[in-house]
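Protein chains in written order, with the numbering used here: chain A, 1 to 583; chain B, 1 to 135. Positions of the beta carbon are idealized from the N, C-alpha and C atoms, including for glycine. Okay, so here's the structure we're looking at.
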């Protein structure tokens, strides 16, 4: 069943054209182009897919690293803040409200705490009305009223509070941590509060390593985002942060902030629970990262090199492949033409032999009858018109004789005669043949040259039939020249199994339209009355050569001359010969 | 010397009779016969023929089979095959010597060539008879 290539042909026109009989160069160019395209596509598509996959795999690996770094930084900061809160709770829990409002006690606690956490700016105890009842630190804040502050309300409700970084009275960036307690004596709320210098947080964050080109800092979550710690790129605390924060409060949100060319900031944002802060980890221009550049360069080089190599190989292979197909097609076409020619000649031969046989019997009767009439005329006495009758009968008899020559030659072509094999020296045979034609050549001023090769093997063939072949060919050569010219007879060994004989003349040559018919019967160019040919010479020669297991070919240039080449086997394959003749 | 007895066997009646007549003019004692069965019947009826001119292609029984029958009956009778086509004879070696024809001539045959061949065939038969071969 023939496969439907419709859809393939739509994509690649001409993909199945090569098997069509035309052998025009354009068809092969088109086939080569299509084949190259198919092969290049077959190679490049998987290469591009693999490259893209590697690219995205590498990128997602980088994103995973960033996420992991952000996660780890977030946990570290949360742990630090939790530690601070715990310290406050434990510090307060060791004392009653009354003990703590004593200045001395709070001062002692303040100094002890500061020795562990140098970033602690001050400590304060605020009563349920929001009035600072005790204060230990560098400022005069005793008795300050915080009742109208938001944070005081938040800590009363939430029990803990971590505040945004602000300048406050202290004019240095700091943030507050406050814990709400209940006075066991009177059941009233009180707040233990400390302010921490932002530099403590900065130092802490600096210690979190997130690899080169990274910037870790905290920003405020409410309103326009402002830095809460120092950023390498965006400046000191409370500077504005140019990007909006994501609305997603859970987990880590990663986004890209594009700059010029492929300068890209990769931004990981994570909200820190229980604080008004978000942790930001930025990789500046991560596409300029060493790893990434190296990876990209490697990828680019591999793809480019593979593509060039593939293009070179594909073009080379397609060229070779299409070249071979073209050669094979041309060979096949010439073989088909040869077969067609041979089978045409064989058919004509059989047909001619059949007709000759049919004609031969009535011809035999005419011949016998005219013979008898002539016999009777010879036996009878003179009578009126006897001579005239004898002459007419003689004419009839001559015509019959001419017909006989034709039918016998035709039959000779198809006849399965016993081939008498003997060992023959082709050079001697050519000399013998030439001795028959010497006089004729001399008479016409034609010089016959024998160019006989050395060490030509003795062949096994039929002497009489070979003589007939070469008599015919040399005779034709002499006829082609007419007067004054040259015939060369060349013999040589082709290989161990065959020999070649060339009969070359410098006659008028044969035109291309004639050359394809010269082995056909009744085809003659000898049109003058005295040389009238039967048109059977080359036809019979062809038949005999085939019978002897050989080949004949002809080359000719008009005005230059003609060469008939005969190839004969050194040994005849008898079974094949019989088959050839019979078939 | 008695006349050479020739039997012409050919299904072409016109050819056989005309040829027989021409041979008679040339001093042979010729009988024409138009099928192989009649020819064999004549030979089996003790009619003595020295040379048989036998057409190769004939209906019912072809020339080769007839030749074999004749040779089996009397190997000294010489047979000259007449053929109108290029078929020829494919007997070789000993088989040809025993059952083969004296010669094979293509139609239309030249009367002089034919008479020469008949005489040569007769000479061969005479030699065989002298040596005491055949019946």
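Worksheet item: Do you know offhand how far residue 382 of chain A's Cα is from residue 18 of chain B's?
Response: 23 Å
Item to complete: With DSSP collapsed to three states, give me the class of residue 88 of chain B.
Response: Because residue 88 of chain B sits at a pLDDT of 48, beneath the cut-off of 50, its placement in the model cannot be relied upon, and the following sentence gives the value as read from the coordinates. DSSP places residue 88 of chain B in coil when its eight states are reduced to three.
Worksheet item: When we look at the beta-carbon of residue 435 of chain A and count the other beta-carbons within 10 Å, is it buried (16 or more) or exposed?
Response: Exposed, because fewer than 16 other Cβ atoms sit within 10 Å of the Cβ of residue 435 of chain A.
Discussion item. So within the stretch 21 to 105 of chain B, which uninterrupted alpha helix (DSSP H) runs reach at least 4 residues, ignoring any that extend past its ends?
Written reply: 36 to 44, 63 to 73 and 93 to 99
Fill in: Element boundaries [beta strand (DSSP E), containing residue 504 of chain A]
Run containing residue 504 of chain A: 498 to 505, per the beta strand (DSSP E) assignment.
Item to complete: Counting only runs of 3+ residues fully inside the stretch 188 to 224 of chain A, write out the beta strand (DSSP E) ranges in chain order.
Response: 189 to 197 and 214 to 220, all fully within the stretch 188 to 224 of chain A.
Worksheet item: Pairing CB atoms from the stretch 82 to 98 of chain A with CB atoms from the stretch 181 to 188 of chain A, are three or more of them under 8 Å?
Response: yes
Worksheet entry | Against chain B: residues of the stretch 356 to 369 of chain A by CB proximity under 7 Å | 357, 360, 361, 363, 364, 365, 367, 368 and 369
Item to complete: With distances taken Cα to Cα, identify the nearest neighbour of residue 224 of chain A among A:240, A:214, A:353 and A:175.
Response: A:240
Fill in: Residues bridged to residue 180 of chain A [DSSP beta-bridge criterion]
A:191
Discussion item. Under DSSP, the beta strand (DSSP E) around residue 564 of chain A begins and ends at which residues?
Written reply: Segment 561 to 569, the beta strand (DSSP E) holding residue 564 of chain A.
Discussion item. Is there a C-beta anywhere in chain A that falls below 8 Å from the one on residue 12 of chain B?
Written reply: True, the Cβ-Cβ gap to chain A drops below 8 Å.
Fill in: Proximal residues to residue 89 of chain B (C-beta, below 6 Å), its chain only, five neighbours per side dropped
With a pLDDT of 48 at residue 89 of chain B, under the threshold of 50, the modelled position of this residue cannot be trusted, and the question is left open.
Discussion item. On the criterion of 16 or more Cβ atoms from any shown chain inside 10 Å, does residue 339 of chain A qualify as buried, or is it exposed?
Written reply: exposed
Fill in: Contacting residues, own chain, Cβ-Cβ under 6 Å from residue 84 of chain A (five flanking each side not counted)
177
Worksheet item: Three or more C-beta pairs closer than 8 Å, one from the stretch 319 to 338 of chain A and one from the stretch 506 to 524 of chain A: is that the case here?
Response: The answer is no - the stretch 506 to 524 of chain A does not touch the stretch 319 to 338 of chain A, with fewer than three Cβ pairs under 8 Å.
Worksheet item: Within 8 Å (strictly less), CB to CB, does residue 94 of chain B reach chain A?
Response: At residue 94 of chain B, the pLDDT of 45 sits below 50, so the modelled position is not reliable; the number obtained from the coordinates is stated separately. It does not; no Cβ of chain A falls within 8 Å.
Fill in: Cross-chain neighbours of residue 509 of chain A in chain B, by beta carbon under 9 Å
Simply none; closest approach about 34 Å.
Worksheet item: Are any of the Cβ atoms in chain A nearer than 8 Å to that of residue 31 of chain B?
Response: no
Discussion item. Here's a check: name, in chain order, each residue in its chain whose Cβ is nearer than 6 Å to the Cβ of residue 303 of chain A, leaving out the five neighbours to either side.
Written reply: 51
Discussion item. Could you check whether the Cβ of residue 69 of chain B sits closer than 8 Å to any Cβ belonging to chain A?
Written reply: no
Discussion item. Does residue 315 of chain A come out as helix, strand or coil in the three-state DSSP assignment?
Written reply: Looking at residue 315 of chain A - three-state DSSP - the assignment turns out to be helix.
Practice prompt. List the whole-angstrom C-beta distance separating residue 510 of chain A from residue 518 of chain A, where the pair is believed to meet the contact cut-off of C-beta under 8 Å.
Written response: 7 Å
Worksheet item: Would the beta-carbon of residue 73 of chain A fall within 8 Å of that of residue 208 of chain A?
Response: yes
Discussion item. Strictly below 8 Å CB to CB, what residues from chain A border residue 84 of chain B?
Written reply: Under the 8 Å cutoff, chain A gives 357, 360, 361 and 364.
Discussion item. Out of A:273, A:27 and A:364, which one is the CA nearest neighbour of residue 161 of chain A?
Written reply: A:273
Worksheet item: Along chain B, in chain order, which residues have C-beta atoms closer than 9 Å to that of residue 462 of chain A?
Response: Residues of chain B passing the Cβ test: none, with the nearest at roughly 14 Å.
Item to complete: Please compile the residues from chain A whose C-beta is within a distance smaller than 8 Å of the C-beta of residue 19 of chain B.
Response: 368
Item to complete: Please list the residues of the stretch 94 to 120 of chain B that have a C-beta atom closer than 7 Å to any C-beta atom in chain A, keeping them in chain order.
Response: 106, 107, 108 and 111
Worksheet item: Quick one, which residues of the stretch 392 to 409 of chain A are near chain B if we go by CB-CB under 7 Å, in chain order?
Response: 400, 404 and 408
Worksheet item: Who pairs with residue 555 of chain A in a beta bridge, going by DSSP?
Response: Looking at the DSSP output, residue 555 of chain A shares a beta bridge with A:563.
Fill in: Secondary structure of residue 576 of chain A, DSSP reduced to three states
Residue placement at residue 576 of chain A is flagged as unreliable, the pLDDT there being 43, under the threshold of 50; the coordinate-derived value follows with that caveat. Helix, per DSSP.
Worksheet item: Going along the chain, which unbroken runs of the alpha helix (DSSP H) with 4 or more residues stay wholly within the stretch 121 to 178 of chain A?
Response: 150 to 158
Worksheet item: CA-CA distance, residue 327 of chain A and residue 410 of chain A?
Response: 39 Å
Discussion item. Going by DSSP in three states, residue 549 of chain A sits in which element: helix, strand or coil?
Written reply: Secondary structure of residue 549 of chain A (DSSP, three-state): coil.
Worksheet entry | Where residue 15 of chain B meets chain A, residues with beta-carbon distance less than 7 Å | Going along chain A in sequence order, the residues near residue 15 of chain B (Cβ under 7 Å) are 364, 365 and 368.
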